[in-house]
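Colleague:
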Ligand SMILES: Cc1ncc(COP(=O)(O)O)c(C=O)c1O
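In our numbering, the protein residues as written are 31 to 486.
#1: Would the C-beta of residue 191 count as close to ligand 1, meaning under 6 angstroms from any of its heavy atoms?
#2: Within the present structure, is the beta-carbon of residue 385 separated from the nearest heavy atom of ligand 1 by less than 6 angstroms?
#3: Just to confirm, is the Cβ distance from residue 450 to residue 478 under 7 angstroms?
#4: Would you decide whether residue 209 is buried or exposed? Buried here means 16 or more other CB atoms lie within 10 Å of its CB.
#5: Closer than 8 angstroms by C-beta to residue 269: which residues in its own chain qualify, once you throw out the five before and the five after it? Chain order, please.
#6: Roughly how many whole angstroms lie between the Cα atoms of residue 294 and residue 259?
#7: Please go through the same chain and pick out, in chain order, the residues whose beta-carbon is closer than 6 angstroms to the beta-carbon of residue 446, but skip the five residues on each side of it.
#8: To the nearest angstrom, how far is it from the Cα of residue 465 to the Cα of residue 103?
#9: So, with DSSP's three-state summary, where would you put residue 156?
#10: Apply the 10 Å Cβ neighbour rule to residue 163 and answer buried if 16 or more other Cβ atoms are within range, or exposed otherwise.
#11: Note down the Cα distance separating residue 141 from residue 329, rounded to an integer number of angstroms.
#12: Can you find the residues in the same chain that come closer than 6 angstroms, C-beta to C-beta, to residue 233, ignoring five residues on each side of it along the sequence?
#13: Select from 206, 159, 323, 363 the residue whose C-alpha is nearest the C-alpha of residue 372.
#14: Note down, in chain order, each residue of its chain lying with its Cβ closer than 6 angstroms to the Cβ of residue 438, except the 5 sequence neighbours on either side.
#15: Find out if the Cβ-Cβ distance for the pair residue 229, residue 242 is shorter than 7 angstroms.
#16: Going by DSSP, name the residue or residues bridged to residue 187.
#17: Express the C-alpha separation of residue 285 and residue 225 in angstroms, rounding to a whole number.
#18: Give me the Cβ distance between residue 154 and residue 348, rounded to the nearest whole Å; I'm assuming they're in contact under 8 angstroms.
#19: Quick one: Cα of residue 68 to Cα of residue 193, how far?
#20: Identify the continuous beta strand (DSSP E) that holds residue 245 and give its terminal residues.
#21: Where residue 486 and residue 235 are concerned, what is the direct C-alpha to C-alpha distance, given to the nearest angstrom?
#22: Does ligand 1 have a heavy atom nearer than 6 angstroms to the CB of residue 2?
#23: Report the start-end ranges of each beta strand (DSSP E) in the stretch 295-365 that is 3 residues or longer and not cut off at the edges.
#24: Looking at C-beta atoms only, is the number of pairs between the stretch 396-407 and the stretch 239-257 that lie closer than 8 angstroms three or more?
#25: Would you call the stretch 109-118 and the stretch 327-347 touching, i.e. three or more CB-CB distances under 8 angstroms?
#26: Using 8 angstroms as the cut-off, can you tell me whether the stretch 369-385 makes contact with the stretch 336-343, which would need three or more C-beta pairs spanning the two stretches below that distance?
#27: Just list the residues that DSSP pairs residue 150 with in beta bridges.
#28: Near residue 409, what residues of its chain come up, given a Cβ to Cβ distance below 7 angstroms and the 5 sequence neighbours on each side ignored?
#29: Of the residues 182, 180, 219, 181, which one's Cα is nearest the Cα of residue 199?
#30: Using the rule of at least 16 other Cβ atoms within 10 Å of the residue's Cβ for burial, across every protein chain shown, is residue 90 buried or exposed?
#31: How big is the Cα-Cα spacing for residue 471 and residue 116?
#32: When burial is assigned at 16 or more other CB atoms within 10 Å of the CB, is residue 254 buried or exposed?
#33: Within the continuous alpha helix (DSSP H) that includes residue 210, where are the two ends?
#34: In this structure, does DSSP put residue 492 in helix, strand or coil?
#35: For residue 80, write down the residues that DSSP places opposite it in a beta bridge.
#36: Flag this pair as yes or no: are the beta carbons of residue 206 and residue 191 separated by less than 7 angstroms?
Written out as structure tokens, the structure reads:
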């Protein structure tokens, strides 16, 4: 193996010294990591080898607190016995079932459970394998719905700056993040972006900021500019997650709903992060008391254990689409080989049972004030420029270092060395602890964050 190894690393993980050539580092592994600076990572890999409850372990046996539920997935922490057993049983019983023209009992059961937990009339469930697929599926449903009701000219989508809707071409077209778009061509035609909702006036606001409801009027401006009858749907994350936990200003989502209602535009909430108790209720739609026409979800459906996404669709949207197709014909020419995969369904059913039986969403609501209190204690650190928090989600903006993201990356490295796994995006730290966290574990997460930020 080429390169010079440093066996004295304090993490104990074998690493190349910085003077090793990039080409040699590339030989470290054929693995191409997503959304990761591969060359940098391969100089100092962060490998996790085991997980249980609120903790990960690395290969050397060091225990690390999971401050971000994996990647907003593991709301119940890691290694829940009931989920493991459900998957094993399902594998022994029915490992695969073709999803087109056939189905299986677990798909029906999970669809029913999701229909019960989503806002009342969003009770038609289409399964995908990821959040990205859920978003692209929702875009197609919106187009098909309008075509079914004789308004096929409604092909425009409204999204927002600083939006993240996954990485498939539909979601990238909706994306409000330059790096996720710039290399991949123009994307779908006819996607327009409202302004994002981060406002100086709301800095350090706890929960929803008082300023900015009028930003929703950007949607009205698009109606006036392009004509309502060209717009199919408005997609928003109720809380923009990946760009730093942007909590919607008070009244903003309600105003979006009103404008959509006035103009026959579908409102889609992308709840891939905010779904399943993250905001203290089942969905952010419940927390903010605004009901969209479609909700996209993924991640915590199965507690992150088996990939799965889903789209919850209003009954009248589903019925309009099915009624428009001739009897006996396929209504929606769309689906994935692994839609409603039996193992994912088994994991999803087990996770949903635990959410319900253990009152996990209510638990998150009870933990949220303590979490917020501890997170906002960071505001006294000079390096912290803004904090936003809602439920068990928080975004902490750091003053940038010599280049954008450098300080965030340094923080990530130090967190790892100090025993904490979190998500860092550019110079923003994102916390999203599991909903089963104990207050002492939340305190420990915030203690490590505080120590590391003080050291930067
Ligand atoms: C709001 C939102 N939509 C879509 C996605 C994409 O989900 P996935 O990575 O499962 O494709 C994410 C991922 O974090 C997300 O946060």
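A virtual CB, placed ideally from N, CA and C, is assigned to each residue, including glycine.
Since this is a predicted model, take the numbers as computed values, not measurements.
Modeller: According to the data block:
#1: Here residue 191 refers to the residue found at position 161 when the chain shown is read from its first residue. Checking every heavy atom of ligand 1 against the Cβ of residue 191, none is found closer than 6 angstroms.
#2: By one-based count along the chain shown, residue 385 stands at place 355. Result no, Cβ not under 6 angstroms from ligand 1.
#3: If you number the chain shown from 1, residue 450 lands on position 420. If you number the chain shown from 1, residue 478 lands on position 448. Closer than 7 angstroms, so yes.
#4: For the purposes of this step, residue 209 is taken as residue 179 along the chain shown, with counting starting at 1. Classification of residue 209: exposed, given that the 10 Å Cβ count is below 16.
#5: By one-based count along the chain shown, residue 269 stands at place 239. So the list reads 275, 276, 277, 278, 303, 304, 309, 314, 420, 423, once near-sequence residues are dropped.
#6: Here residue 294 refers to the residue found at position 264 of the chain shown. Here residue 259 refers to the residue found at position 229 of the chain shown. Between the alpha carbons of residue 294 and residue 259 lies a distance of about 8 angstroms.
#7: In the chain shown, counting from the first residue as 1, residue 446 sits at position 416. Hits under 6 angstroms: 76.
#8: On the chain shown, position 435 is the one that residue 465 refers to. On the chain shown, position 73 is the one that residue 103 refers to. Taking C-alpha positions only, residue 465 is separated from residue 103 by approximately 11 angstroms.
#9: Counted from its first residue, the chain shown places residue 156 at position 126. Secondary structure at residue 156: strand, using DSSP grouped into helix, strand and coil.
#10: One-based indexing of the chain shown puts residue 163 at position 133. Around the beta-carbon of residue 163, 16 or more other beta-carbon atoms lie within 10 Å, marking it buried.
#11: For the purposes of this step, residue 141 is taken as the residue at position 111 of the chain shown. For the purposes of this step, residue 329 is taken as the residue at position 299 of the chain shown. The alpha-carbon atoms of residue 141 and residue 329 are separated by roughly 16 angstroms.
#12: Position 203 of the chain shown, counting from 1, holds the residue named residue 233. For residue 233, where only same-chain residues beyond five positions count, the Cβ hits under 6 angstroms are 416.
#13: Locating residue 372 in the chain shown gives position 342, where the first residue counts as 1. The option with the nearest alpha carbon to residue 372 is 159.
#14: Here residue 438 refers to the residue found at position 408 of the chain shown. Within the same chain, and ignoring the five residues on either side of residue 438 in sequence, the residues whose Cβ sits closer than 6 angstroms to its Cβ are 454, 456, 457.
#15: Within the chain shown, residue 229 is the residue found at index 199, counting from 1. Within the chain shown, residue 242 is the residue found at index 212, counting from 1. The beta carbons of residue 229 and residue 242 sit closer together than 7 angstroms.
#16: Numbered from its first residue, the chain shown carries residue 187 at position 157. DSSP lists 221, 263 as partners of residue 187.
#17: As a first step, residue 225 must be located in the chain shown, where it is residue number 195. As a first step, residue 285 must be located in the chain shown, where it is residue number 255. About 14 angstroms.
#18: Locating residue 154 in the chain shown gives position 124, counting from the first residue. Locating residue 348 in the chain shown gives position 318, counting from the first residue. Sure, about 4 angstroms apart at Cβ, within 8 angstroms.
#19: Residue 68 sits at position 38 when you count from the first residue of the chain shown. Residue 193 sits at position 163 when you count from the first residue of the chain shown. Using only the alpha carbons, I get a separation of about 24 angstroms.
#20: Position 215 of the chain shown, counted from the start, is the residue given in the question as residue 245. No beta strand (DSSP E) holds residue 245; DSSP gives it neither H nor E.
#21: Along the chain shown, one-based indexing puts residue 486 at 456. Along the chain shown, one-based indexing puts residue 235 at 205. A straight line joining the alpha-carbon of residue 486 with that of residue 235 spans about 24 angstroms.
#22: A question about residue 2 goes unanswered here, because the residues of the chain that appear run from 31 up to 486.
#23: Under the rule that a run must span 3 or more residues, the beta strand (DSSP E) segments found entirely inside the stretch 295-365 read 296-300, 324-327, 339-343.
#24: No: fewer than three Cβ pairs fall under 8 angstroms.
#25: For the pair of segments examined, the stretch 109-118 was found to touch the stretch 327-347: the number of CB pairs separated by less than 8 angstroms reaches three.
#26: They touch, by the three-pair rule.
#27: Locating residue 150 in the chain shown gives position 120, counting from the first residue. Note: residue 150 sits in no beta bridge, so no partner.
#28: Mapped onto the chain shown, residue 409 falls at position 379. 234, 417.
#29: For the purposes of this step, residue 199 is taken as residue 169 along the chain shown, with counting starting at 1. Nearest of 182, 180, 219, 181 to residue 199, Cα basis: 219.
#30: Position 60 of the chain shown holds residue 90. Flag for residue 90 reads exposed.
#31: For the purposes of this step, residue 471 is taken as residue 441 along the chain shown, with counting starting at 1. For the purposes of this step, residue 116 is taken as residue 86 along the chain shown, with counting starting at 1. Just so you know, the alpha carbons of residue 471 and residue 116 end up roughly 28 angstroms apart.
#32: For the purposes of this step, residue 254 is identified with residue 224 of the chain shown, where counting begins at 1. Burial is judged here by how many other beta carbons sit within 10 angstroms of a residue's own beta carbon; residue 254 has fewer than 16 and is exposed.
#33: Taking the first residue of the chain shown as position 1, residue 210 is located at position 180. Segment 208-211, the alpha helix (DSSP H) holding residue 210.
#34: Examination of residue 492 is not possible in this model, given that the chain is present from 31 through 486 alone.
#35: Taking the chain shown and counting its residues from 1, one reaches residue 80 at position 50. DSSP lists 87 as partners of residue 80.
#36: To locate residue 206, count along the chain shown from 1; it is residue 176. To locate residue 191, count along the chain shown from 1; it is residue 161. The answer is yes: Cβ separation under 7 angstroms.
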